[in-house]
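A.B. asks: One structure, pasted below without further comment.
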Amino acid sequence: MRRIFTLTPLFFCLIILKGFAQKPNESYQYHIHEAVSPLTVDGIGDDPAWNAAETAKDFFMITPMDTSFSRSLTDVKLCYDKNNLYILVINHKVIKGSLVVESLKRDFSFGKNDNFLLFMDTFDDKTNGFSFGANAAGAPWDGQQGDGGTVDLSWDNKWVSSVKNDDDKWVWEAAIPFKSIRYKPGITRWGINFSRQDLTISEKSSWAPVPRQFPSASLAYTGVLVWDVPPPNPGPNISVIPYAAMKMTKDHVNDTPAKYKPTVGGDVKIGLTPSLNLDLTVNPDFSQVDVDVQQTNLNRFELFFPERRQFFLENADLFANFGYATIRPFFSRRIGLGVPIQFGARMSGKINKNWRIGVLDVQTGSSDTLTPRNNYAVFALQRQLLARSNVRFIFVNKDATNYSLDRHAATNRYNRNIGAEFNLASAKNLWTGKVMVLKSFTPGKSGDDFTHAADLKFNRANFFWQWQHEYVGKNYNAEVGYVPNAVRMGYYKISPNVGYLFFIKDPRIISHGPKLVNNTYWDKKFDLSDREFILSYNINFINRATISVYGAENYVRLLSPFDPTNLGKDRLPTGSEHKWKSAGFDIVSGPQNSLTFLASGLFGGYYQNGHRNNLRAELGYRVQPYVAITMAANYNDIRLPEPWKRTQLWLVGPRVDVTFTNSLFFTTFMQYNNQADNINLNARLQWRYKPASDLFIVYTDNYLPENMRVKNRAIVLKFTYWLNL
440 MRRIFTLTPL FFCLIILKGF AQKPNESYQY HIHEAVSPLT VDGIGDDPAW NAAETAKDFF
500 MITPMDTSFS RSLTDVKLCY DKNNLYILVI NHKVIKGSLV VESLKRDFSF GKNDNFLLFM
560 DTFDDKTNGF SFGANAAGAP WDGQQGDGGT VDLSWDNKWV SSVKNDDDKW VWEAAIPFKS
620 IRYKPGITRW GINFSRQDLT ISEKSSWAPV PRQFPSASLA YTGVLVWDVP PPNPGPNISV
680 IPYAAMKMTK DHVNDTPAKY KPTVGGDVKI GLTPSLNLDL TVNPDFSQVD VDVQQTNLNR
740 FELFFPERRQ FFLENADLFA NFGYATIRPF FSRRIGLGVP IQFGARMSGK INKNWRIGVL
800 DVQTGSSDTL TPRNNYAVFA LQRQLLARSN VRFIFVNKDA TNYSLDRHAA TNRYNRNIGA
860 EFNLASAKNL WTGKVMVLKS FTPGKSGDDF THAADLKFNR ANFFWQWQHE YVGKNYNAEV
920 GYVPNAVRMG YYKISPNVGY LFFIKDPRII SHGPKLVNNT YWDKKFDLSD REFILSYNIN
980 FINRATISVY GAENYVRLLS PFDPTNLGKD RLPTGSEHKW KSAGFDIVSG PQNSLTFLAS
1040 GLFGGYYQNG HRNNLRAELG YRVQPYVAIT MAANYNDIRL PEPWKRTQLW LVGPRVDVTF
1100 TNSLFFTTFM QYNNQADNIN LNARLQWRYK PASDLFIVYT DNYLPENMRV KNRAIVLKFT
1160 YWLNL
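Residue numbers (the numbering used here): 440 to 1164.
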């Protein structure tokens, strides 16, 4: 096993030369020129300036097949002036009058909407960029791209958009300020691609062709946006985003008087250069952020919830994507957890074409005398290598600024992490991988305080495989990170998987095939502690529906006591061994119909020779484009011997999204979780009265399920304003 772990660099040496290949879609070039006359963004596209602009057309199909031109005809025009990049898109309809949209909600679900998206590699590095677009009803989409094309829709900025719809076509027109994006000054080549989804005919297409195994957002397959002159310098780029909020809270359990708390604060965004940004925040308030979707936790480890707070989002991949999903040295949700953030600063972006930098510093207060005030500092550096690969370095520091051994003995005075990783991405994205090493520094913990992990993945349309291995030392500690498996007190892990797809000619099915996944853990003595085998068979339909059936085999040797119901009952002892087999299915309907659904089931064994049945379902109905209703339910029936006996866990979450217009939204979300013994109700009204400026009214209740008695209640009124100086 140790030999396998030391062979990691050799795996990468075998394919590293592939990174020098030429840009796949170099021949797809769009030449952009300055607008010859003023433009009005109204979704009509009749301004004379558009007559002089070049047209991108003849899109290629991505799915269901990637071997022909698209049946959905699309025409795209671009131009610019000293302030904005303009885009006009005419989406011709194959079937007259057709329209499939979920709602007018901003940053809509890609798979459930007819849409057009623009992907811009503004640094021409095939790794980082920006995405803008709209669905066919006019709901806007914007996100920041990282790691070769992943779109972070939490990113939000200031721009304008308009859509007009008729029987034959829908037209999208937008103006994107140069101040709202980051790019390298002086260059005349950007990577660019256009993506169109027409759910009526179950087709996705792009201007520069993208193989069907990759998302249309993949920056490896962009064409070239050729500027007649370098894009204009946006000039002074300073945005001030103040807020004012009033919050009322009441503790009904202790029957204390209602508390009213007015707060003011805000953010400042300063463009140090067109590609480097400074974010400042003072007394931030995140009360308007969407509530987390609760999960039934039958795991021995901590659950993951994504970051949603705006301050942490720009260039978030520099900080958050270091490591793996379960080995993260930095996880921003550790900051401000139950304590106020007093102020913070982030500088992030490009120094030049090859170097990116991220620096973050945040100071938190304390909630009581037993909690110290902490300062969090992070430094991240990334160097582009080869065609699309990079090497990264990170340093994470948590320091208690008022540490007292008498009052704060339960916490560490400091915790630090330092690490480096190499990320491989070949020119055509067929090979991807990572090699990583991290070391922590904690008072009283030294020796075996590092972690190493690596993976290598090959992905063709019909055949894919991946190898991943991990080692986490028993003293490795990432207090500002997310390493849930570290509670194993040091482990080795391998995770190989392989799959194959048979593509067939059938009016309903596009492909089917098997996939095998293995996850195996050993303790420090190389004694087996966990093993999981999953063999599945997957069917993909032309209308985007999927069906998967699988069988699994599990072995667990507990390294610490564990309650298999996570209800605070008796715990299984350390060292006890458990084996079981199970089978299950997953079904997801196509998105075209107004009524959609997904269903999954798991049936089989469980800890202590017990039995577990799990059923999960989600039913959605839309009255397009104004109302989307979702009902989700998760049921677990666990049967164990004494003292647990039978346990039934319910998690039910109805949600209603009402989009009155593309600037006025109402969302209400209820979650009943009997594992947490709680019913949560959250309702949020958002009025985007100007681009990136909002008025929020947020109402939150928590109830006791047995008698619907209110535990606590909160009402927030919040006003934000985005001002460009």
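For each residue, glycine too, the CB sits at the ideal point set by N, CA and C.
What does the alpha-carbon distance come out to for the pair Ser1168 and Phe555?
C.D. replies: Because the chain in this structure spans residues 440 to 1164, residue 1168 falls outside the shown range and cannot be described.
A.B. asks: Let's see if you can read the secondary structure: which residues bound the alpha helix (DSSP H) around Asp756?
C.D. replies: As a position in the sequence shown, residue 756 is number 317, starting the count at 1. First-last of the alpha helix (DSSP H) with Asp756: 755 to 759.
A.B. asks: Can you find the residues in the same chain that come closer than 6 Å, C-beta to C-beta, to Val835, ignoring five residues on each side of it along the sequence?
C.D. replies: To locate residue 835, count along the sequence shown from 1; it is residue 396. Answer for Val835: Pro768, Phe769, Val817, Asn856, Val919, listed in chain order.
A.B. asks: Would you identify the three-state DSSP class for Lys618, choosing helix, strand or coil?
C.D. replies: Working through the sequence shown from its first residue, we reach residue 618 at position 179. Here Lys618 sits in helix by DSSP.
A.B. asks: Please report the straight-line C-alpha distance between Ile780 and Thr810, rounded to a whole angstrom.
C.D. replies: By 1-based counting over the sequence shown, the position of residue 780 is 341. By 1-based counting over the sequence shown, the position of residue 810 is 371. Rounded to whole angstroms, Ile780 to Thr810 spans 14 Å at the Cα level.
A.B. asks: Can you find at least 3 beta carbon pairs, one from the region 564 to 578 and one from the region 608 to 616, that sit closer than 8 Å?
C.D. replies: yes
A.B. asks: Under 8 Å: do the region 664 to 681 and the region 704 to 718 share three or more Cβ pairs, one atom per stretch?
C.D. replies: yes
A.B. asks: Can you tell me the Cβ-Cβ gap for Asn829 and Asn862, rounded? I've got them flagged as a contact below 8 Å.
C.D. replies: Your numbering for residue 829 matches position 390 in the sequence shown. Your numbering for residue 862 matches position 423 in the sequence shown. Correct: roughly 5 Å between the Cβ atoms.
A.B. asks: Measuring alpha carbon to alpha carbon, tell me which residue in Gln733, Gln749, Ile526, Phe832 is nearest Phe743.
C.D. replies: The residue given as residue 743 occupies position 304 in the sequence shown. Checking every option, the nearest Cα to that of Phe743 belongs to Gln733.
A.B. asks: Could you check whether the region 936 to 950 touches the region 966 to 980, counting it as contact only if at least three pairs of C-beta atoms, one from each stretch, sit closer than 8 Å?
C.D. replies: yes
A.B. asks: Could you tell me the boundaries of the beta strand (DSSP E) in which Phe677 lies?
C.D. replies: Your numbering for residue 677 matches position 238 in the sequence shown. It should be pointed out that residue 677 corresponds to Ile in this sequence rather than to Phe. Ile677 -> beta strand (DSSP E) spans 677 to 690.
A.B. asks: Among the residues of its own chain, which have a CB less than 8 Å from the CB of Asn936, if the five just before and after it don't count?
C.D. replies: Within the sequence shown, the letter at position 497 stands for residue 936. Once the five neighbours on either side are set aside, the close Cβ partners of Asn936 are Trp904, Gln905, Lys954, Leu955, Val956, Asn957.
A.B. asks: What residue ranges within the region 1018 to 1074 form continuous beta strand (DSSP E) runs of no fewer than 3 residues, ordered along the chain?
C.D. replies: 1034 to 1045, 1049 to 1062
A.B. asks: What residues match up with Phe880 in a beta bridge as DSSP calls it?
C.D. replies: Locating residue 880 in the sequence shown gives position 441, counting from the first residue. Partner(s): Arg855.
A.B. asks: Per DSSP, which residues does Asn836 bridge with? Please list them.
C.D. replies: Start at 1 with the first residue of the sequence shown, and residue 836 comes out as number 397. Per DSSP, Ala816, Arg855.
A.B. asks: Go ahead and pull the three-state DSSP assignment for Asn1146.
C.D. replies: Here residue 1146 refers to the residue found at position 707 when the sequence shown is read from its first residue. Coil.
A.B. asks: Tell me whether Thr639 sits in a helix, a strand or coil according to DSSP, three-state version.
C.D. replies: Translated into the one-based positions of the sequence shown, residue 639 becomes position 200. Note: Thr639 maps to helix in three-state DSSP.
A.B. asks: What would DSSP say about Lys392, mapped onto helix, strand or coil?
C.D. replies: A question about residue 392 goes unanswered here, because the residues of the chain that appear run from 440 up to 1164.
A.B. asks: Quick one: what's got a C-beta closer than 8 Å to Ile640's C-beta in the same chain, skipping five residues either side?
C.D. replies: The residue given as residue 640 occupies position 201 in the sequence shown. Cβ neighbours of Ile640 beyond the five flanking positions: Arg510, Ser511, Val533, Ile534.
A.B. asks: Apart from the five residues on each side of it in sequence, which residues of its chain come closer than 8 Å, Cβ to Cβ, to Ser1033?
C.D. replies: Translated into the one-based positions of the sequence shown, residue 1033 becomes position 594. Here the set comprises Tyr1060, Arg1061, Val1062, Gln1063.
A.B. asks: Using 8 Å as the threshold, is the C-beta distance between Glu746 and Ala759 below it?
C.D. replies: One-based indexing of the sequence shown puts residue 746 at position 307. One-based indexing of the sequence shown puts residue 759 at position 320. Yes, they are a contact pair.
A.B. asks: Quick check on this structure: which residue in Arg1078, Pro650, Arg822, Leu1041 has the alpha carbon closest to the alpha carbon of Ser507?
C.D. replies: In the sequence shown, residue 507 corresponds to position 68, counting from 1. Checking every option, the nearest Cα to that of Ser507 belongs to Pro650.
A.B. asks: Going by Cα to Cα distance, which pick from Gly886, Arg772, Val728, Gly797 is closest to Asp756?
C.D. replies: In the sequence shown, counting from the first residue as 1, residue 756 sits at position 317. Of the candidates Gly886, Arg772, Val728, Gly797, the one whose C-alpha sits nearest the C-alpha of Asp756 is Gly797.
A.B. asks: With a threshold of 16 other CB atoms inside 10 Å of the CB of His470, please say whether the residue is buried or exposed.
C.D. replies: The count along the sequence shown starts at 1 and reaches residue 470 at position 31. Classification for His470: exposed.
A.B. asks: Quick check: the region 622 to 636 against the region 594 to 609, are there 3 or more CB pairs under 8 Å?
C.D. replies: no
A.B. asks: Can you check which of these residues, Leu737, Val801, Val876, is closest to Thr840 by C-alpha distance?
C.D. replies: Sequence index remark: in the sequence shown, residue 840 carries index 401 (1-based). Minimum Cα distance to Thr840 is reached at Val801.
A.B. asks: Would you mind stating whether Gly1023 and Phe1042 have Cβ atoms separated by less than 8 Å?
C.D. replies: Translated into positions along the sequence shown, residue 1023 becomes position 584. Translated into positions along the sequence shown, residue 1042 becomes position 603. Their beta carbons are under 8 Å apart, which means Gly1023 touches Phe1042 by this criterion.
A.B. asks: Alpha carbons only, please: which of Trp609, Gly568, Asn604, Trp580 is nearest the one belonging to Thr589?
C.D. replies: As a working note, residue 589 is residue 150 in the sequence shown. Closest in C-alpha terms to Thr589, from the list Trp609, Gly568, Asn604, Trp580, comes Gly568.
A.B. asks: Who are the near neighbours of Met1070 in its chain, counting only those whose CB is closer than 6 Å to its CB and skipping five residues on each side?
C.D. replies: Here residue 1070 refers to the residue found at position 631 when the sequence shown is read from its first residue. Correct list, in chain order: Leu1058, Pro1093.
A.B. asks: Select from Asn813, Ala859, Leu844, Ala495 the residue whose C-alpha is nearest the C-alpha of Asp838.
C.D. replies: As a working mapping, residue 838 is identified with position 399 in the sequence shown. Among Asn813, Ala859, Leu844, Ala495, the Cα nearest to that of Asp838 belongs to Asn813.
A.B. asks: Anyone know if the C-beta pair for Asn1151 and Asp690 falls short of 8 Å?
C.D. replies: Stepping through the sequence shown from its first residue, residue 1151 is reached at position 712. Stepping through the sequence shown from its first residue, residue 690 is reached at position 251. Yes, Cβ-Cβ distance for Asn1151 and Asp690 is below 8 Å.
A.B. asks: Have a look at Lys551, Phe941, Gly582, Ser645 and flag the residue whose alpha-carbon is nearest the alpha-carbon of Asn464.
C.D. replies: Along the sequence shown, read from residue 1 onward, the residue named residue 464 stands at position 25. Measuring from the Cα of Asn464, the nearest candidate turns out to be Ser645.
A.B. asks: Starting from Ala784 and walking both ways along the beta strand (DSSP E), at which residues does that stretch end?
C.D. replies: Translated into the one-based positions of the sequence shown, residue 784 becomes position 345. Per DSSP, Ala784 belongs to the beta strand (DSSP E) from 780 to 789.
A.B. asks: Using the Cα positions of Asp1116 and Ser806, report the straight-line distance between them to the nearest angstrom.
C.D. replies: Residue numbering aside, residue 1116 sits at position 677 when the sequence shown is read from its first letter. Residue numbering aside, residue 806 sits at position 367 when the sequence shown is read from its first letter. So the two alpha carbons sit approximately 25 Å from each other.
A.B. asks: Rounded to whole angstroms, what is the Cα-Cα separation between Ala893 and Val874?
C.D. replies: The count along the sequence shown starts at 1 and reaches residue 893 at position 454. The count along the sequence shown starts at 1 and reaches residue 874 at position 435. Each residue's alpha carbon lies about 4 Å from the other.
A.B. asks: Out of curiosity, what's the CA-to-CA distance linking Arg748 and Trp1161?
C.D. replies: In the sequence shown, residue 748 corresponds to position 309, counting from 1. In the sequence shown, residue 1161 corresponds to position 722, counting from 1. Looking at the two C-alpha atoms, the distance is approximately 16 Å.
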